[in-house]
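The numbers in our numbering rise by one with no breaks, and the one at position 36 of the sequence shown is 72. Glycine included, each C-beta is placed from N, C-alpha and C at the ideal position. Please read all numbers here as calculations on a predicted model, not as lab measurements.
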Amino acid sequence: MSTAQKNIFLLLIVILLAVAPFFLHRSAEFAGADDQAEETITQIRPDYEPWFKPVWEPPSGEVESFLFAAQAAIGSGIVCYFLGYSKGKKQREQK
Numbered sequence: 037m038s039t040a041q042k043n044i045f046l047l048l049i050v051i052l053l054a055v056a057p058f059f060l061h062r063s064a065e066f067a068g069a070d071d072q073a074e075e076t077i078t079q080i081r082p083d084y085e086p087w088f089k090p091v092w093e094p095p096s097g098e099v100e101s102f103l104f105a106a107q108a109a110i111g112s113g114i115v116c117y118f119l120g121y122s123k124g125k126k127q128r129e130q131k
């Protein structure tokens, strides 16, 4: 199997893993962990008061999702850059 075929195969697996939950659990709510934790804490201790309030809250869930996705994209870009840089540096040293 060539490198290109491996990459295409891996890309298809990633797409399948990202899309499959939407088809397997059509009626499921994909709420964030923060919301689920807040509900559970409220059920266990209804009188619970948070330790602090956020400095700024996004105006909508869409903005919050966008900021989370942007943070993930920037972080993965930085990690991938340094992985590629170190691989290129290692290949250059081997020549």
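What first and last residue would you give for the alpha helix (DSSP H) that runs through residue i?
i           : result
residue 133 : It is not possible to answer for residue 133, since the shown part of the chain is limited to 37 through 131.
residue 83  : Looking at the DSSP string, residue 83 is not in any alpha helix (DSSP H), and its letter there is neither H nor E.
residue 54  : 39-60
What is the C-beta distance between residue i and residue j, in whole angstroms, given that I count them as a contact (C-beta under 8 Å)?
i           : j          : result
residue 103 : residue 94 : 6 Å
residue 84  : residue 76 : With 8 Å as the limit, residue 84 and residue 76 do not qualify as a contact, their Cβ atoms being about 11 Å apart.
What is the rounded straight-line gap between the Cα of residue i and the Cα of residue j?
i           : j           : result
residue 51  : residue 42  : 14 Å
residue 49  : residue 92  : 38 Å
residue 115 : residue 130 : 23 Å
residue 47  : residue 37  : 15 Å
residue 126 : residue 119 : 11 Å
residue 56  : residue 64  : 13 Å
residue 61  : residue 97  : 22 Å
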